[in-house]
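Chemist:
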Amino acid sequence: MSRECLLIIGGVAAGMSAASRARKINARLEIVVLEKGEYVSYGTCGLPYYVGNQVRRPEELVVYTPEFFRRERNIDVRTGHEAVEIVPGQKRVRALRKGSQETVFQYDKLIVATGGAPATEIYGSDAANVFTCNDLAGAVALKEFMEKHRPRRAVIVGGGYIGLEVAEAFVANGMAVTVLERSGSALENLEPELSQKLEMRLEDAGVRLIKDAAVRAIAGSGGPPRMATVVEYGTSGSLDCDLVLLATGIVPRTELAREAGIRLGQTGAIAVDERMATNLPGIYAAGDCVETPHLVLGRPVYVPLGTTANKQGRVAGENAAGGNARFGGIVGTAVTKVFGLEIARTGLTAAEARAAGFLCDSVVLEHTSRARYFEGKRILLKMVFDRNSERLLGVQMLGEEGAGKRIDVAATALHAGMKIGQVAQLDLSYAPPVAPVWEALLIAANEALKKMRR
Ligand SMILES: Cc1cc2nc3c(=O)[nH]c(=O)nc-3n(C[C@H](O)[C@H](O)[C@H](O)COP(=O)(O)OP(=O)(O)OC[C@H]3O[C@@H](n4cnc5c(N)ncnc54)[C@H](O)[C@@H]3O)c2cc1C
Numbered sequence: 497m498s499r500e501c502l503l504i505i506g507g508v509a510a511g512m513s514a515a516s517r518a519r520k521i522n523a524r525l526e527i528v529v530l531e532k533g534e535y536v537s538y539g540t541c542g543l544p545y546y547v548g549n550q551v552r553r554p555e556e557l558v559v560y561t562p563e564f565f566r567r568e569r570n571i572d573v574r575t576g577h578e579a580v581e582i583v584p585g586q587k588r589v590r591a592l593r594k595g596s597q598e599t600v601f602q603y604d605k606l607i608v609a610t611g612g613a614p615a616t617e618i619y620g621s622d623a624a625n626v627f628t629c630n631d632l633a634g635a636v637a638l639k640e641f642m643e644k645h646r647p648r649r650a651v652i653v654g655g656g657y658i659g660l661e662v663a664e665a666f667v668a669n670g671m672a673v674t675v676l677e678r679s680g681s682a683l684e685n686l687e688p689e690l691s692q693k694l695e696m697r698l699e700d701a702g703v704r705l706i707k708d709a710a711v712r713a714i715a716g717s718g719g720p721p722r723m724a725t726v727v728e729y730g731t732s733g734s735l736d737c738d739l740v741l742l743a744t745g746i747v748p749r750t751e752l753a754r755e756a757g758i759r760l761g762q763t764g765a766i767a768v769d770e771r772m773a774t775n776l777p778g779i780y781a782a783g784d785c786v787e788t789p790h791l792v793l794g795r796p797v798y799v800p801l802g803t804t805a806n807k808q809g810r811v812a813g814e815n816a817a818g819g820n821a822r823f824g825g826i827v828g829t830a831v832t833k834v835f836g837l838e839i840a841r842t843g844l845t846a847a848e849a850r851a852a853g854f855l856c857d858s859v860v861l862e863h864t865s866r867a868r869y870f871e872g873k874r875i876l877l878k879m880v881f882d883r884n885s886e887r888l889l890g891v892q893m894l895g896e897e898g899a900g901k902r903i904d905v906a907a908t909a910l911h912a913g914m915k916i917g918q919v920a921q922l923d924l925s926y927a928p929p930v931a932p933v934w935e936a937l938l939i940a941a942n943e944a945l946k947k948m949r950r
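Under this note's numbering, the first residue of the sequence shown is numbered 497, with each subsequent residue one higher.
Written out as structure tokens, the structure is:
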């Protein structure tokens, strides 16, 4: 009797988590992974640190190689294989391999883990000195260009977390950096009170941030030996530079799924249920190609993050292998650290809460990461809550120390659907070298209670 086959399209966070979990659940299953690139199972989140020389070699970002998967987990990883068609009626996937014949793969269960692609629809973005930093091959190409041509002036299109992390990497390489951000703030959904601090820090680091600056076109020689390129933005702005990085966001890669009849959701990403199953029998999807339920908003959102991709991949892998796992949803938790500042969020901003129809209110305060006599660093916190239900809706924190992981307490409270009164009662740790006796989150919850009782 032939073995059942699980086929997975995409070999990074979601795809390889799915493959590994499926193997744990079912030792007999045949597992094949198709990856169109040359690398699998690497830390995409580490790419800016490779560009910034904190990670020396691209191989250091690779968690496991295809050989490891073959030898240790009996998983057949085919790099350089691009899936070009899913034929659900025949349970087949057609794949192309560079320079060779088309191969057809038969499956019993299929997991689509095709990820997201950088949004690059700017005129002139195909020039040789325009890069993205969204996969290992892209980061390697960017670094090779930097080492060979020593660009001095960089323009980064997009002031989101990828744009800012790469800005720091460029500064570490001695480049003059300008960030063009189409919205009114760096990290678009950052609360204005925190955004001010971040912008001051960027200025101190020598990064020029131009806001409300939508890029229209990239023009010029487009590459070495003359790198001079002009980035046109706003109604009449223009900037000369030697290198452009596009960091304008991620869009879900869904063409393959859509053409096969897999249903997309309201956000444009693949719609899945809590078992990560699509509308087609035997086909699952996970990671940056799917939309995810937001537990505070109560509707699906598109928030492409590695932490979610890993968990969803694991759930999809377990279910495809005959198990019964569920992914419960997200509360919108994210963190970054740039130029010495940790910036973290969970839940909704005040603007997002208002737009969602909550009767929201907020408190903003600054407190310390440790007892003052232990030279604690300042933490700026904004807490958003619902005056009707008295529920916590969101928290953002910014500071040089402890802001990043402190957000996890607020994220846990959101998962539990806590009211502000419950947050104020949380038993949080204290010792002078580690934390102050009153944590910023507890003080904020007490302030919010006072506001609601007024
Ligand atoms: C610079 C950067 C920094 C980041 N930092 C963080 C962070 O700090 N924290 C965090 O939580 N998240 C972070 N992320 C996001 C995180 O990396 C992604 O959410 C995660 O990689 C998504 O994993 P995935 O497997 O769903 O998709 P991807 O990583 O996009 O992988 C999908 C794979 O599928 C392959 N593929 C696509 N189509 C086909 C096809 N037709 N045939 C074969 N193969 C195909 C692609 O080549 C790709 O390798 C960062 C992302 C970037 C770019």
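The C-beta atom is built at its ideal place from N, Cα and C for all residues, glycine as well.
This structure is a prediction, so every number in the text was calculated from the model and none was measured.
#1: Could you check which residue in 817, 866, 864 and 610 has the C-alpha nearest to that of residue 750?
#2: Ignoring anything shorter than 3 residues or poking outside the segment 775-807, list the beta strand (DSSP E) runs there in chain order.
#3: So, residue 469 versus residue 931, is the Cβ gap smaller than 8 Å?
#4: Do residue 531 and ligand 1 come close, with the Cβ less than 7 Å from some heavy atom?
#5: So for residue 684, helix, strand or coil by DSSP?
#6: Would you kindly check if the distance between the Cβ of residue 823 and the Cβ of residue 741 is under 8 Å?
#7: For ligand 1, any of its heavy atoms closer than 7 Å to the Cβ of residue 686?
#8: Just checking, does the segment 672-689 make contact with the segment 768-776 on the three C-beta pairs under 8 Å criterion?
#9: Measure how close the beta-carbons of residue 571 and residue 515 come, nearest whole angstrom, since I'm counting them as under 8 Å.
#10: Taking the DSSP output, what are the residues bridged to residue 597?
#11: Less than 8 Å between the C-beta atoms of residue 687 and residue 921, yes or no?
#12: Alpha helix (DSSP H) containing residue 918: first to last residue?
#13: Out of 658, 512 and 622, state which residue places its alpha-carbon closest to the alpha-carbon of residue 832.
#14: Let me know the secondary structure DSSP gives residue 586 once reduced to three states.
#15: Sort 795, 851, 829 and 792 by Cα distance to residue 804 and report the nearest one.
#16: Looking only at its chain, what residues have a beta carbon closer than 8 Å to the beta carbon of residue 629, apart from the 5 residues adjacent to it on each side?
#17: Assuming the contact rule is C-beta atoms closer than 8 Å, residue 791 and residue 910 should be a hit. Round their C-beta distance to whole Å, please.
#18: Quick check on this structure: which residue in 781, 795 and 939 has the alpha carbon closest to the alpha carbon of residue 807?
#19: Bridge partners for residue 837 per DSSP, in chain order?
#20: If you follow the alpha helix (DSSP H) that residue 904 is part of, which residue opens it and which one closes it?
#21: Indicate, with yes or no, if ligand 1 has a heavy atom lying under 7 Å from the CB of residue 785.
#22: Whose C-beta lies closer than 6 Å to the C-beta of residue 541 among residues of the same chain, with five residues either side of it excluded?
#23: With a floor of 3 residues, list each beta strand (DSSP E) that falls wholly inside the segment 509-565, ordered by position along the chain.
#24: Just verifying my parser: in three-state terms, what is the DSSP assignment at residue 818?
#25: Measure the CB-CB distance between residue 605 and residue 530 and report whether it falls below 8 Å.
#26: Can you list, in chain order, the residues of its chain whose CB lies under 6 Å from that of residue 559, leaving out five sequence neighbours each side?
#27: Using CA atoms only, rank isn't needed, just tell me which of 574, 651, 554 and 941 is closest to residue 878.
#28: Output the boundary residues of the alpha helix (DSSP H) element that contains residue 881.
#29: So, under 8 Å CB-CB, residue 890 and residue 876 are touching, yes? Tell me the CB distance rounded to an integer number of Å.
#30: Residue 790: beta carbon under 7 Å from a heavy atom of ligand 1?
#31: Using a 10 Å radius around the Cβ and a threshold of 16 neighbouring Cβ atoms, would you call residue 927 buried or exposed?
#32: Just reading off the alpha helix (DSSP H) that residue 754 is part of, what are its end residues?
#33: Excluding five sequence neighbours on each side, which residues of the same chain lie with their C-beta closer than 7 Å to the C-beta of residue 797?
#34: Given residue 818, which residues of its chain have a CB within under 7 Å of its CB, disregarding the five upstream and five downstream residues?
#35: Pull up the distance between the alpha-carbon of residue 612 and that of residue 871, whole angstroms please.
Modeler: Let me lay it out:
#1: 610
#2: 779-781, 788-790 and 795-797
#3: The shown model of the chain, from 497 to 950, leaves out residue 469, and the question about it has no answer.
#4: yes
#5: coil
#6: no
#7: no
#8: no
#9: 5 Å
#10: Paired residue(s): none; residue 597 is not in a bridge.
#11: no
#12: 916-920
#13: 658
#14: helix
#15: 829
#16: 543, 544, 547, 635, 638, 658, 662, 741 and 743
#17: 7 Å
#18: 781
#19: 834
#20: 899-911
#21: yes
#22: 802
#23: 526-531
#24: coil
#25: no
#26: 537
#27: 941
#28: It is not in any alpha helix (DSSP H) - residue 881 instead sits in the beta strand (DSSP E) that spans 874-882.
#29: The pair is not a contact, with the Cβ atoms about 15 Å apart (cut-off 8 Å).
#30: no
#31: exposed
#32: 751-755
#33: 763, 787, 788 and 790
#34: 521 and 522
#35: 42 Å
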